[in-house]
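Worksheet for the structure shown next.
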Amino acid sequence: MLSEEKQTQFAALRRQIIAAEFGRMNPRQLEGVLTTEGPLLLLAGAGSGKTTVLINRIANLLRYGRGADSAEVPDHIEETDLAFLADYASKSDHTEQENARAHLLCALEPAAPWQVIAITFTNKAAAEMRERLAALIPSGTRGMWVCTFHAM
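Under the numbering used here, the residues of the sequence shown are numbered 17 to 168, in order.
Here you go:
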């Protein structure tokens, strides 16, 4: 088991790595994507990226669960894992194996698709959300509820 200081380092590295995956967001959008604990209200004008934030927040919840928003470190994490994440965070070119290991280490209770519901106002918006989610989430969106208020 890691010392308290190393657990803090691990949680910070995990958040840094997850944030880097969503690095194309502006700081306010990134805050919405990485907030996984409790409710979140997005208030913004038309064309400001609300749907993009929601889609990426869902992708974050499915890939990493509470990883970006929690200081909790699973008991199975060892110093070699901490060293791996530090090395991973310090470079930008990664192998598929490294990416897979980093994703596993950074995930903390990821959500299953059937635990997600995304509700919008129009059928057109729901279809667009479904398409964008499917493109962003390689494992698929089967079982995810993406629909209108009326359909729900």
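For every residue, glycine included, the Cβ atom is placed at its ideal position computed from N, Cα and C.
In the DSSP annotation of this structure, the continuous segment of the beta strand (DSSP E) that includes residue 162 starts and ends at 161-164. In the DSSP assignment, residue 136 falls within the unbroken beta strand (DSSP E) covering 133-136. Counting other Cβ atoms within 10 Å of its Cβ, residue 97 reaches 16 or more and is therefore classed as buried. The Cβ atoms of residue 31 and residue 118 lie no closer than 8 angstroms to each other. Straight-line spacing of the CA atoms in residue 69 and residue 19 works out to 35 angstroms.
For secondary structure counted as the beta strand (DSSP E) over 3 or more consecutive residues, the segment 40-116 holds no complete run. CA-CA distance, residue 120 to residue 79, rounds to 9 angstroms.
Straight-line measurement puts the Cα of residue 52 at about 7 angstroms from the Cα of residue 77.
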